[in-house]
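Residue 15 is where the first sequence starts when you use this note's numbering, and the numbers rise one by one after that.
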Amino acid sequence: MELNELQQQRLAKLERLRAAGIDAYPPRTQRTHTIGAVLAGFDQLMERGEKVTVAGRIIGARRVLGKLAFAHIADESGQIQIWLSRGDLGDEWFDRFRDDLDTFDIVEASGTLRRTQRGEPSVFVTHMGVLAKSLNPPPEKWHGLSDIEERHRQRYLDLIVNPEVRDVFRTRAKIISTMRRFLDERGFLEVETPTLQPIYGGASARPFITHHNQLKQDLYLRIAVELYLKRLIVGGFERVYEMSKVFRNEGVDRTHNPEFTMMECYQAYADYNDMMRLVEELYRTLALEVAGSATIEFQGRTIDFGPAWRRVSIPEAIAERTGIDILELTELEPLQEAIRAAGLKVDFKPAWGRQVDELFSVYVQPELIQPTFVLDHPVALSPLAKRRPDQPLLVERFEPVVAGMEIGNAFTELNDPLDQEQRFLEQGRAYDAGDDEAQQMDVDFLNALMYGMPPTGGLGIGIDRTVMLFTDQPNIREVILFPHLRPRE
RNA sequence: GGGCUGGUAGCUCAGAGGUAGAGCAGCGGUCUUUUAAACCGAUGGUCGUGGGUUCGAUCCCCACCCGGCCCA
């Protein structure tokens with residue numbers, strides 16, 4: 015490892031510490047109080063003259079004024095000033111603090127509590143020790159680390175210097191635990207299903223492919239967990255859910271990361287209407303738990319999870335915005351002809367369902383800011399959803415949309431094995447025709463359905479996008495600790 | 001994949017065809033109540049990478065690498 019000048023300076027300090035017989039990386043600390051606990055009980059501890067030992071990272075600048083010195087140390091619970099005087103700390107450690115310790119070193123400091131003339135609570139240090147010498151220098155004192163690429167490549171440094179980033183991930187954890195509790199309380203059983211799948215299914219996406227050496231078998235990283243959870247519904251569990259990483263071999267942008275976290279749940283003897291109620295309750299609960307209110311602020315807009323969600327039918331909304339009735343134009347050619355005639359600015363897609371999706375994505379979805387259920391998807395786009403009895407071209411499906419962003423997907427699950435087989439065959443034809451996101455035939459899943467699956471409602475929720483909403487982050491990278499980046503060089 | 005845009009000291013950023021700049025941090029000093037401490041001094045750079053044009057390129061041109069925003 016080649017060290018730059020600043021790193022070499024710090025290394026020289028480390029060597030001086032070692033030469034003085036000091037272990038710069040001791041195995042443990044004698045910490046008696048967290049900094050938060052010291053601050054919370056400061057006046058009582060000060061009056062009792064109690065000696066405390068705190069531990070943490072030196073942050074900000076050290077200020078050495080001849081025979082006095084000040085610095086701040088931080089642990090996860092807070093930060094506090096340490097106050098050193100040559101007289102009380104002694105020459106050896108006072109000089110050591112001045113000469114061999116640096117910002118970012120992790121130290122322990124023992125002493126009594128005092129306030130400075132300006133009233134700042136401080137530990138008046140009579141003994142200190144090194145817990146971990148930092149060989150890397152800190153970023154700039156005021157602007158900190160702001161380069162987005164560097165923040166993500168060195169997330170550990172980002173977390174050290176940008177406390178609001180830590181808060182995002184605390185909120186993320188709270189959302190996940192709240193969601194778990196919400197589902198547990200409603201009788202959903204948390205399960206684990208394979209990450210390595212011999213057949214990928216449950217969504218329309220390209221997979222990552224890997225290989226099992228001993229079995230000489232290609233395997234896919236899951237793109238969804240749907241088909242496994244529905245097998246469990248067949249098996250007699252009536253309510254199941256899984257919180258899982260899924261992997262989709264697609265581009266990276268503001269709302270996509272190749273691996274992301276999804277919650278999927280399935281409820282037997284329920285349908286998509288029940289799932290809508292579940293979503294409404296879930297987001298109201300999340301808002302109350304996380305934001306303390308049914309309303310949240312996202313990118314300058316107020317979003318209200320209090321009322322029932324708006325419902326928007328895809329065919330109706332497209333007709334309203336573009337004048338095109340997709341239920342009349344049920345073939346690709348006439349639909350595209352109408353798009354051309356109307357002068358709409360959308361891309362042409364190779365299949366009718368995808369063309370409908372494109373129309374909706376461009377003309378309707380961006381305007382759906384308040385919580386909305388998008389309904390009535392074409393059957394061609396929904397090979398695992400049950401058809402509407404009154405309109406077989408459409409399925410009983412909805413996508414929850416907030417701030418113009420799809421945050422999930424749900425339907426009344428298709429439980430007719432014969433129809434499911436036809437849908438798989440249709441997907442296979444689409445794949446052969448060049449749709450590389452088409453779904454795979456899963457004979458074992460059909461076999462499960464042939465034992466009978468009760469009428470079932472299913473739901474998937476994108477955790478990352480949900481966290482974006484509740485942390486007011488416009489980019490998915492900001493809610494993933496280590497977002498995907500290409501290697502440098 | 002396309003358009004626009006960025007990469008200069010550890011960090012945050014200026015700059016311009018002719019020896020590379022600032023602030024902060026760091027280094028050497030002075031200083032026993034600092035709060036972005038102050039003051040004095042000296043450092044610190046393959047200007048993303050590789051080619052090309054030029055007497056001379058960090059700057060202009062080309063390609064590539066890594067980001068960002070927008071579009072697909």
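Every residue gets a Cβ at the ideal spot worked out from N, C-alpha and C, and that includes glycine.
Practice prompt. Would you check if the distance between the CB atom of F312 and the CB atom of L483 is smaller than 8 Å?
Written response: For the purposes of this step, residue 312 is identified with residue 298 of the first sequence, where counting begins at 1. For the purposes of this step, residue 483 is identified with residue 469 of the first sequence, where counting begins at 1. Between F312 and L483, the C-beta gap is smaller than 8 Å, which places the two residues in contact.
Fill in: Buried or exposed (CB count within 10 angstroms, at least 16 for buried), F496
As a working mapping, residue 496 is identified with position 482 in the first sequence. F496 counts as exposed, since fewer than 16 other beta carbons sit within 10 angstroms of its beta carbon.
Practice prompt. Entirely within the segment 184-272 and at least 4 residues each: give me those alpha helix (DSSP H) ranges in chain order.
Written response: DSSP runs (the alpha helix (DSSP H)) wholly in the segment 184-272: 240-248.
Item to complete: For S148, write down the residues that DSSP places opposite it in a beta bridge.
Response: By one-based count along the first sequence, residue 148 stands at place 134. According to DSSP, S148 bridges with nothing at all.
Worksheet entry | Stretch pair the segment 487-502 + the segment 266-281: three plus CB contacts closer than 8 Å | Using a Cβ-Cβ distance cut-off of 8 Å, the segment 487-502 and the segment 266-281 are in contact, since at least three pairs of beta carbons, one from each stretch, lie closer than that value.
Worksheet item: Looking at C-alpha atoms only, which residue of G314, D433 and V481 is the closest neighbour of G422?
Response: Sequence index remark: in the first sequence, residue 422 carries index 408 (1-based). Selected option, being the one with the closest Cα: V481.
Discussion item. On the CB-based measure, 16 or more other CB atoms within 10 Å of its CB, does R368 come out buried or exposed?
Written reply: Locating residue 368 in the first sequence gives position 354, counting from the first residue. Here R368 is buried. Its C-beta has 16 or more other C-beta atoms within 10 Å.
Worksheet item: Buried or exposed: where does P403 fall if 16 or more other Cβ atoms within 10 Å of its Cβ makes it buried?
Response: For the purposes of this step, residue 403 is taken as the residue at position 389 of the first sequence. Sixteen is the threshold: since fewer than 16 other Cβ atoms of the shown chains lie within 10 Å of the Cβ of P403, the residue is exposed.
Worksheet entry | For D89, the three-state DSSP class (helix, strand or coil) | Taking the first residue of the first sequence as 1, we reach residue 89 at position 75. Strand at D89.
Worksheet item: How many angstroms separate the CA atom of Q384 from the CA atom of R129?
Response: As a position in the first sequence, residue 384 is number 370, starting the count at 1. As a position in the first sequence, residue 129 is number 115, starting the count at 1. If you draw a straight line from the Cα of Q384 to the Cα of R129, it is about 50 Å long.
Item to complete: Look at the Cβ atom of V66, then the Cβ atom of W97, and state whether they are nearer than 8 Å.
Response: If you number the first sequence from 1, residue 66 lands on position 52. If you number the first sequence from 1, residue 97 lands on position 83. No, the Cβ-Cβ distance between V66 and W97 is not below 8 Å.
Item to complete: With a 10 Å radius around its C-beta and 16 neighbouring C-beta atoms as the bar for buried, classify R165 as buried or exposed.
Response: In the first sequence, residue 165 corresponds to position 151, counting from 1. By the neighbour-count rule (16 or more Cβ atoms within 10 Å), R165 is buried.
Item to complete: Could you pull out every unbroken alpha helix (DSSP H) segment of at least 4 residues lying fully inside the segment 272-331, listed in chain order?
Response: Secondary structure within the segment 272-331: the alpha helix (DSSP H) runs of 4 or more consecutive residues, fully enclosed, are 286-300 (chain order).
Worksheet entry | Distance between K363 and L439 (C-alpha atoms, nearest Å) | Along the first sequence, one-based indexing puts residue 439 at 425. Along the first sequence, one-based indexing puts residue 363 at 349. Annotation: L439 to K363 spans about 21 Å, alpha carbon to alpha carbon.
Item to complete: Please go through the same chain and pick out, in chain order, the residues whose beta-carbon is closer than 6 Å to the beta-carbon of A88, but skip the five residues on each side of it.
Response: In the first sequence, residue 88 corresponds to position 74, counting from 1. Sequence-distant Cβ neighbours of A88 in its own chain, meaning closer than 6 Å and more than five residues away, are G70, R71 and I73.
Worksheet item: Can the beta-carbon of V260 be found closer than 8 Å to that of I237?
Response: Within the first sequence, residue 260 is the residue found at index 246, counting from 1. Within the first sequence, residue 237 is the residue found at index 223, counting from 1. In this structure, I237 lies closer than 8 Å to V260 by Cβ.
Worksheet item: So, helix, strand or coil for E342, using DSSP?
Response: Within the first sequence, numbered from 1, the residue matching residue 342 stands at position 328. Three-state DSSP puts E342 in coil, outside helix and strand.
Practice prompt. Give the range of the beta strand (DSSP E) segment to which Q386 is assigned.
Written response: Here the question's residue 386 lines up with position 372 in the first sequence. The sequence shown places Thr at residue 386, rather than the Gln named in the question. Element bounds for T386: T386 to L389.
Discussion item. For F425, report the span of its beta strand (DSSP E) as first-last.
Written reply: The count along the first sequence starts at 1 and reaches residue 425 at position 411. Unbroken beta strand (DSSP E) run through F425: G422 to T426.
Worksheet item: Exposed or buried, what is K230 when buried is set at 16 or more other beta-carbons lying within 10 Å of its beta-carbon?
Response: Translated into positions along the first sequence, residue 230 becomes position 216. So K230 counts as exposed.
Discussion item. According to DSSP, simplified to helix, strand and coil, what is S124?
Written reply: Taking the first residue of the first sequence as 1, we reach residue 124 at position 110. In the structure shown, S124 falls within a strand segment according to DSSP collapsed to helix, strand and coil.
Worksheet entry | Cβ-Cβ distance between D119 and S148 below 8 Å | Position 105 of the first sequence, counted from the first residue, corresponds to residue 119. Position 134 of the first sequence, counted from the first residue, corresponds to residue 148. A contact, by the Cβ cut-off of 8 Å.
Worksheet item: Are at least three pairs of beta-carbons, each pair with one atom in the segment 391-400 and one in the segment 428-445, less than 8 Å apart?
Response: In short, these stretches touch, since the Cβ pair count reaches three.
Worksheet item: Do you know how far the Cα of R180 is from the Cα of L358?
Response: Locating residue 358 in the first sequence gives position 344, counting from the first residue. Locating residue 180 in the first sequence gives position 166, counting from the first residue. In a straight line, the C-alpha of L358 is about 44 Å away from that of R180.
Item to complete: Spatial neighbours of V254 within its chain, please: CB distance less than 6 Å, with the 5 preceding and 5 following residues excluded, ordered by chain position.
Response: To locate residue 254, count along the first sequence from 1; it is residue 240. Result list for V254: L203, V205, L243, L246 and Y280, in chain order.
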